[in-house]
Amino acid sequence: MLQESTAERLIQHARARGADFAEIYVERWKKRNLRLLDLEVQEATSGIETGAGVRLFFGTQVVYAYTNDLSEANLLEVTDTLARLKGEAGQVDARGAGGLDFRGSAPAGLHGPQLPPDERDKRWRIERLAEADAAARVGPAIKKVQLYLIEWDQEIQVASSEGVWNTDRRVRTRYVVTAIAENEESMQTGFAGPGLSVGLELFDLEPPAVHGRAAGEQALTLLRAKPAPAGPMPVVIGNAFGGVIFHEALGHLLETTAVARKTSVLTDKLGEKIASEAVTYVDDGTLPHGWGSSEYDDEGAPTERTVLIEKGVLKSYMVDRWGSLMTGYRPTGSGRRQDYTFAPTSRMRNTFIETGDTPVEKLFENIEFGLYAKKMGGGQVRPGSGEYNFAVQEGYVIRNGRVEEPVKGAMLVGKGPESIQRIVAVAADRKNAPGMCGSLSGAVPVEVGQPHLLISEIVVGGEG
Amino acid sequence: MTLQEAKTYLLERARERGVELEALATGSRELSLQARERTLEEITAAERGGIGVRVVKDGKTGYAYSEELSPEALDWVLAEAIENAELQSETGGFLPEGRPLGKSDLLGEGLSAPVEEKKRMALELEEGVLRDPRVQQVGAAIYSEREFQTELASTRGAEGGYRSGYAYQMVSAVMAEGESLKQGYELKVARELFALDPASTAQEFLHRTGRLLGARDLKSGRYTAYFEPSAFLALLSAFIDLWSAKQVLEGKSRLAGRLGQKIASEAFTLYDDPNHPEGLMNAPFDAEGTPTRKVYLVREGVLESFMHNSVTARKLNAESTGHAQRSYKGVLDVGPRNLIVAPGEGVTLQDGVLITDLMGVHAGANSISGDFSLQALGLKIEGGEAAYPVENFTLSGNFFELLERIVATGRELEWSVMFLAGASPTVEVAEVAFAGA
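These protein sequences, in sequence, are chains A and B. In terms of full-length UniProt numbering, the first sequence opens at residue 1 and continues consecutively. In terms of full-length UniProt numbering, the second sequence opens at residue 1 and continues consecutively.
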């Protein structure tokens with residue numbers, strides 16, 4: 001996308017204008033969306049998005065520009081404008097002269113697609129989605145089924161004054177099934193939305209019939225659900241998307257974006273025991289074909305498996321370049337951005353609680369009365385303190401160790417740093433689930449995950 | 001290729017393939033300067049542009065877009081748009097008859113000034129707010145400007161373009177007095193940079209947020225509500241889709257079938273004026289090339305029109321009102337440009353609550369039923385005077401009933417772009433339910 005000579009000229013130009021660090025990021029996306037309602041095509045769009053972002057550091061102050069005119073003349077002008085806006089005197093820095101030694105490497109294709117998007121036409125996609133539609137109709141109460149298919153093919157390139165010269169290709173595919181069930185009393189929705197860093201083989205890895213049925217059954221379960229109980233009680237949180245609570249109420253507190261400005265309650269706590277011993281919390285950008293995986297981050301650093309919490313002890317934060325500069329912590333390949341219109345910040349990739357050794361049934365055994373939050377919905381978190389409230393999408397009452405009737409309207413209310421200390425047992429059935437995470441640098445694909453786990457007490461807010 | 005050349009290229013390829021095509025291209029430029037602790041903390045300079053096509057083949061409509069303007073990318077756009085069209089089951093799609101629309105420049109030299117001047121605007125805004133000891137923390141003090149070039153062309157003869165833009169100043173900060181804390185913001189937008197004055201924007205912020213300090217709880221009851229212009233526009237933004245012909249077609253507007261009937265008090269007149277001398281979102285033609293004009297939605301309480309594009313107009317047997325909206329990445333929709341609540345004989349404050357701010361407008365309003373329950377801030381008015389500020393209350397009701405209870409509108413228009421672009425005077429509404437402590 002970018003010539004090495006162009007990148008070199010740009011970086012030297014920026015350095016000559018007084019920048020301590022200069023980075024250029026170039027990307028090109030192909031995006032396709034398809035939305036079906038009861039198998040009728042409601043929306044089909046396709047697009048190419050492309051652009052470049054130039055980021056300059058003057059000490060720890062950052063200026064950013066983006067453009068989608070990728071000609072060298074324009075990129076030089078953009079860099080000039082930025083330096084002028086910053087208003088630095090501009091002197092030639094010796095380190096900027098005399099050629100840059102770019103140490104690049106090509107991606108190994110670790111997360112590459114088996115069945116690239118262009119190898120099948122759209123009719124084929126509709127046929128595969130139709131399998132989900134048919135499977136979702138598990139009973140006459142299912143009135144509508146909506147299917148949404150998202151396909152992204154992104155190529156990126158990053159070059160910096162530190163010699164970074166890396167490219168990456170990220171192909172991601174996801175579909176979402178929404179089943180709507182209705183009876184005389186209410187209307188309820190069930191969801192399933194598998195997604196991976198793969199091509200159209202997603203339909204074989206995550207069969208539409210399985211996910212369609214799951215969405216349909218969830219909608220039917222909710223139709224017969226009773227109002228949830230309220231009050232403090234033991235809660236078993238389901239695996240996979242259950243991990244969203246700790247993503248929001250713990251993970252975000254471990255990003256240097258929050259830690260460097262000391263707005264996180266978990267600032268300056270490395271080496272301290274912040275969670276129960278049952279908890280090992282990992283952010284892994286290398287999971288093969290993970291929805292949030294990539295070979296390099298958006299600053300061109302290789303991604304890695306970062307152990308954040310090991311047996312309850314805080315081991316690492318998630319660190320981008322700016323965060324590293326501010327805190328002195330080693331960068332962890334966590335610099336991410338939605339696209340070229342955002343400068344990167346420290347972000348999660350695939351973040352999960354590691355598998356434990358308690359059999360799932362054991363988690364329920366000694367609970368006299370509690371809640372089984374099998375599938376989690378959305379929620380809100382106060383970033384500084386980790387105070388959260390999350391809706392339980394599919395929940396059940398636990399009585400005398402048994403999972404009994406389904407309940408609706410349950411909210412889990414608590415503080416992330418407190419709840420993580422109350423995890424008393426972790427099962428051996430870890431799974432991850434895809435989602436989109438929104439923050440300063442836009443919306444990025446991430447996985448959240450955990451095994452089934454038991455929290456000794458959470459306040460459950462019910463409907464009443 | 002430039003956006004102009006890309007437009008021409010796509011039209012030629014479409015003619016060769018025998019499909020109808022409409023190309024909409026937008027180029028935008030943005031500059032944003034944010035002051036914090038008396039230095040410029042964040043600087044962003046941006047340019048973005050792209051071209052999106054609407055293709056009609058055998059009565060089926062498809063869309064695709066690109067930000068890359070190479071022949072290869074544009075060929076892909078055309079092929080994808082045609083494939084997307086072929087998937088549709090709905091036939092009857094068409095492109096409207098077009099005409100030459102000319103070139104216009106609605107911005108002129110409005111944003112031309114040395115960058116030092118623009119930096120000063122951000123820094124002085126923060127400084128102006130910090131001068132008041134009640135200001136605890138400034139969240140943001142921003143100068144920002146946007147400029148757009150819009151180009152439209154179709155195989156049915158539409159061809160034209162225009163340049164537009166605006167600049168704004170925004171400050172948000174927390175003020176404190178004793179135990180009382182209030183976070184507020186002030187946003188000033190203008191088509192010409194010299195119309196923005198950091199000192200007076202800061203003053204306005206201090207006045208509007210400062211007057212809410214020391215707020216008391218409001219006793220529940222029914223009061224006359226005096227909506228300040230920005231608060232009334234915020235409420236209106238939650239319900240403006242009622243006038244969308246697209247919503248009418250989807251059965252989501254309770255105004256359907258009521259054209260020519262009285263739906264509001266005679267004191268209420270609502271129109272869209274895309275060519276207003278002070279309009280912030282002016283445009284000579286809409287996203288399909290239909291020339292824009294002043295359209296009354298409600299005149300003296302009577303429902304006069306819905307907002308139409310060519311597709312909704314054909315389906316409802318009406319004429320397009322020039323309300324087609326589309327971004328190059330998006331699909332055809334309907335929406336207003338500069339929505340204006342007509343000024344009236346004037347509002348005299350007597351007894352009631354002056355509503356200065358509405359929160360959670362979209363979550364707390366149901367545009368289908370018209371029911372709303374919104375958290376608000378304001379001033380208790382007694383004997384024609386502001387008696388004290390009030391907080392922790394919601395006002396609730398039904399939008400259709402509220403329209404009938406409008407008593408009067410003020411004489412002066414105030415412009416806003418916060419929730420929707422437009423202008424409103426102060427609006428007095430009788431008998432609104434307030435739930436307080």
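For each residue, glycine too, the CB sits at the ideal point set by N, CA and C.
Annotated as distal: A153/B and K329/B, with beta-carbon spacing of 9 Å or more. Residue burial is scored here from C-beta neighbours: N68/A has at least 16 other C-beta atoms within 10 angstroms and is therefore classed as buried. Fewer than three Cβ pairs drawn from the stretch 391–406 of chain B and the stretch 190–201 of chain B lie within less than 8 Å of each other, which leaves the two stretches out of contact. D204/A: not part of any beta strand (DSSP E); member of the alpha helix (DSSP H) spanning 202–205, first to last residue.
Close to chain B, meaning a Cβ-Cβ distance shorter than 9 Å, are the following residues of the stretch 67–87 of chain A: T67, N68, D69, L70, N74, V78, T81, L82, R84, L85, K86, G87. Taking all protein chains shown into account, R347/A has 16 or more neighbouring C-beta atoms within 10 Å of its C-beta and is therefore buried. Close to chain A, meaning a Cβ-Cβ distance shorter than 7 Å, are the following residues of the stretch 86–100 of chain B: L87, Q88, S89. Interface residue (Cβ-Cβ distance to chain A less than 9 Å): W76/B is classified as such. The C-beta separation of L412/A from A443/A comes to about 24 Å, leaving the pair out of contact by the 8 Å criterion.
In this structure, the straight-line span from the alpha carbon of A275/A to that of R422/A is close to 8 Å. Beyond the five residues adjoining it in sequence on each side, E319/B comes within less than 6 Å, by CB distance, of A313 in the same chain, given in chain order. Taking a 10 Å sphere around the C-beta of E119/A, we find fewer than 16 other C-beta atoms and assign the residue as exposed. By the Cβ neighbour-count rule, W124/A is exposed, with fewer than 16 other Cβ atoms within 10 Å of its own.
Selection V426/A, I367/A, Q146/A evaluated against E40/A yields Q146/A as nearest (Cα-Cα). Pairing R411/B with V347/B, the inter-Cα distance amounts to about 8 Å. Judged by pairs of C-beta atoms under 8 Å, the stretch 378–386 of chain B does not touch the stretch 271–290 of chain B, as fewer than three such pairs exist. Distances from the alpha-carbon of M359/B to those of K103/B, G184/B, A45/B put G184/B closest.
Residues of chain A whose Cβ lies closer than 8 Å to the Cβ of I43/B are, in chain order, V63, Y64, L82, L85, K86. As summarised for the stretch 241–323 of chain B, the continuous alpha helix (DSSP H) elements at least 4 residues long and confined to that stretch are 245–249, 310–315, given in chain order. Look at the stretch 48–63 of chain B: the residues with a C-beta under 7 Å from a C-beta of chain A are R48, G49, G62, Y63.
In terms of Cβ geometry, S164/B and L101/B do not form a close pair [threshold 9 Å].
Runs of alpha helix (DSSP H) with 4 or more residues, each lying fully within the stretch 365–427 of chain A, are found at 416–419, listed in chain order.
I237/A does not reach chain B, its nearest Cβ partner there being about 26 Å away, counting only Cβ pairs nearer than 7 Å. If you check the CB distance, E49/A and D298/A do not come in under 9 Å. Counted as a single uninterrupted DSSP element, the beta strand (DSSP E) harbouring K188/B occupies residues 180–190.
The straight-line gap separating the alpha-carbon atoms of A108/A and L85/A is approximately 39 Å.
In terms of CA proximity to G110/B, A195/B leads the group R120/B, S89/B, A195/B, Q34/B. In the same chain as A264/B, and ignoring 5 residues on each side of it, the C-beta atoms closer than 7 Å to its own belong to V298, G301, L403, E404, I406, in chain order. Residue ranges of uninterrupted beta strand (DSSP E) with 3 or more members, entirely inside the stretch 379–408 of chain B and ordered along the chain, are 385–398. At least one CB atom of chain A sits nearer than 9 Å to the CB of L40/B.
Nearest to E77/A by alpha-carbon distance, out of V54/A, V62/A, P331/A, is V54/A. Not flagged as an interface residue toward chain B: A228/A, since no C-beta distance is shorter than 9 Å. DSSP links P434/A through a beta bridge to E447/A.
When secondary structure is reduced to three states using DSSP, P227/A falls in the strand class. The DSSP-derived three-state label of K7/B is helix. In the three-state DSSP reduction, I237/A falls in the strand class (E or B).
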